[in-house]
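Q: For the sequence shown, UniProt numbering begins at 1 and goes up steadily by one.
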Amino acid sequence: MADLIIGCLSQKGGVGKSTIARLMARTYAAAGWSVKICDFNTRQKTSVDWCAMRAAQGVEPIIVAEPYNSPSSMKREPFDCVVADGRPDSDQSSLEIARAATLVVVPTGLTLDDLKPQLLFANELVAKGIARERIMFVLNKTTDSDLAVSEARQYILQGSLYLVAEQDLSAKTGYAMAQNTGRAPSESKYPSLNDKADTLAAEIVDRVNRLTENRL
Ligand SMILES: Nc1ncnc2c1ncn2[C@@H]1O[C@H](COP(=O)(O)OP(=O)(O)OP(=O)(O)O)[C@@H](O)[C@H]1O
Ligand SMILES: [Mg+2]
Numbered sequence: 001m002a003d004l005i006i007g008c009l010s011q012k013g014g015v016g017k018s019t020i021a022r023l024m025a026r027t028y029a030a031a032g033w034s035v036k037i038c039d040f041n042t043r044q045k046t047s048v049d050w051c052a053m054r055a056a057q058g059v060e061p062i063i064v065a066e067p068y069n070s071p072s073s074m075k076r077e078p079f080d081c082v083v084a085d086g087r088p089d090s091d092q093s094s095l096e097i098a099r100a101a102t103l104v105v106v107p108t109g110l111t112l113d114d115l116k117p118q119l120l121f122a123n124e125l126v127a128k129g130i131a132r133e134r135i136m137f138v139l140n141k142t143t144d145s146d147l148a149v150s151e152a153r154q155y156i157l158q159g160s161l162y163l164v165a166e167q168d169l170s171a172k173t174g175y176a177m178a179q180n181t182g183r184a185p186s187e188s189k190y191p192s193l194n195d196k197a198d199t200l201a202a203e204i205v206d207r208v209n210r211l212t213e214n215r216l
């Protein structure tokens, strides 16, 4: 039985679900947990391919991934931690994953084109019974404009009071290249990028711990 399920979900494609899923899978695996990524993007299977690449390159710790389409089965997986890497445009599957998950991470870029649908998506989850406290936004692919980052944060917070991770993930070739070789964003060639990814991961772990301790 899985002790912990983290869902990386969004309606928008290409916002960073798989990137954050890999970051969290690696973080828990490095802490000694057995980890499986359930790859709900069964057409592209990008995280399955990523895990195969990771194994081929001999990167440790080991992470398992499988194409997946049954959210209700995740709890029965014999892994300490299951990370659901969602697929875009799948309301029903996303809702079921969110119901099974301790925490739902919603990555978003800084443009309104990303922010608006992602906020609507989170609002829909809440309307369908997912506790607001179980949703955490992550700003991904940020640029070096502090103003753009703070405006995006404000947009999400406006009237909705979702949690937004303090640490964003900037758009860096190093993160993309790491993933091309089966590595997580925290396993890139660049210590400063790894530090930021680790800081974000620690924030997400902290949120998970609060939710499980307090049973929000
Ligand atoms: N912070 C970043 N810096 C650089 N490249 C990034 C970053 N985040 C994501 N990418 C790259 O952007 C692309 C989309 O990211 P990712 O695959 O994580 O999004 P996704 O939400 O899972 O997409 P999909 O909806 O297609 O499954 C990938 O090529 C990924 O390597
Ligand atoms: Mg993906």
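Even glycine gets a Cβ: it sits at the ideal position worked out from N, Cα and C.
As the structure is a computational prediction, the values presented were derived from the model and not from experiment.
Quick check: is any heavy atom of ligand 2 less than 7 angstroms from the C-beta of Ser150?
A: It does not: the Cβ of Ser150 is nowhere closer than 7 angstroms to a heavy atom of ligand 2.
Q: Would DSSP call Ile204 helix, strand or coil?
A: In the structure shown, Ile204 sits in a helix (DSSP, three-state: H, G or I).
Q: Using C-beta distances below 6 angstroms, list every residue in its chain close to Ser18, excluding the 5 sequence neighbours before and after it, in chain order.
A: Contacts found: Thr46, Ser47, Asp85.
Q: By alpha-carbon positions, which one of Ser34, Val164, Lys189, Val82 ends up nearest to Gln118?
A: Looking at the Cα atoms, Val164 is the closest of the given residues.
Q: Is it buried or exposed, Ala176, if we count other Cβ atoms within 10 angstroms and call 16 or more buried?
A: With fewer than 16 other Cβ atoms within 10 Å, it is exposed.
Q: Closer than 6 angstroms is what we want: which residues have a beta carbon that near any heavy atom of ligand 3? List them in chain order.
A: No copy of ligand 3 occurs in the structure displayed; its ligands are ligand 1 and ligand 2 alone.
Q: Glu62: buried (16+ other C-beta within 10 angstroms of its C-beta) or exposed?
A: It should be pointed out that residue 62 corresponds to Ile in this sequence rather than to Glu. Exposed, by the Cβ-count rule.
Q: Let me know the secondary structure DSSP gives Ala84 once reduced to three states.
A: Strand at Ala84.
Q: Less than 8 angstroms separating the beta-carbons of Thr27 and Val205?
A: In contact: Thr27 and Val205 (Cβ atoms closer than 8 angstroms).
Q: Which residues does DSSP pair with Ser170 in a beta bridge?
A: DSSP, once it has assigned bridges, lists Thr142 as partnering Ser170.
Q: How many whole angstroms separate the CB atoms of Ala186 and Asn194, which I take to be in contact at a CB cut-off of 8 angstroms?
A: Checking the sequence, you will find Ser at residue 186 rather than Ala. So it is a contact: roughly 5 angstroms between Cβ atoms.
Q: Count the other CB atoms, across all protein chains shown, that sit within 10 Å of the CB of Ala122; report buried if there are 16 or more and exposed otherwise.
A: Classification of Ala122: buried, given that the 10 Å Cβ count is 16 or more.
Q: If you check the beta carbons only, do Leu139 and Val149 fall under 8 angstroms apart?
A: Against a cut-off of 8 angstroms, the Cβ pair of Val149 and Leu139 comes out as a contact.
Q: Looking at Pro88: is its Cβ nearer than 8 angstroms to the Cβ of Lys141?
A: No; because the gap between Cβ atoms is not below 8 angstroms, this pair is not in contact.
Q: DSSP state of Glu66, grouped into three classes?
A: Correct three-state label for Glu66: strand.
Q: If we require 3 or more residues per run, which beta strand (DSSP E) segments fall completely within the UniProt domain "CobQ/CobB/MinD/ParA nucleotide binding" (9 to 145)?
A: Counting whole runs of 3 or more residues, the UniProt domain "CobQ/CobB/MinD/ParA nucleotide binding" (9 to 145) contains the beta strand (DSSP E) stretches 35 to 39, 64 to 67, 81 to 85, 103 to 108, 135 to 142.
Q: Helix, strand or coil, according to DSSP, for Leu157 in the structure here?
A: Reduced to three states, the DSSP call for Leu157 is helix.
Q: Less than 8 angstroms between the C-beta atoms of Arg134 and Leu23, yes or no?
A: No, the pair does not count as a contact, with Cβ atoms beyond the cut-off.
Q: Are Asp5 and Ala101 close, meaning C-beta to C-beta below 8 angstroms?
A: Asp is not the amino acid found at residue 5; the sequence shown has Ile there. It is a contact, given that the beta carbons lie within the stated cut-off.
Q: Straight-line CA distance for Phe40 to Asp198?
A: Cα to Cα, the separation comes out at about 25 angstroms.
Q: Less than 8 angstroms between the CB atoms is what I'm expecting for Leu95 and Lys128, so what's the real figure, rounded?
A: With a Cβ gap of about 6 angstroms, Leu95 and Lys128 count as contacting.
Q: With a CB to CB cut of under 6 angstroms and the five nearest residues on each side skipped, what residues in its chain are close to Cys51?
A: Counting only Cβ-Cβ distances below 6 angstroms, and skipping sequence neighbours, we find Ile63, Ala65.
Q: Below 8 angstroms on the Cβ atoms is my contact criterion, and I expect Pro107 with Ser10 to pass it. Report the Cβ-Cβ distance as a whole number of Å.
A: That belief holds up - the Cβ atoms of Pro107 and Ser10 are roughly 6 angstroms apart, short of 8 angstroms.
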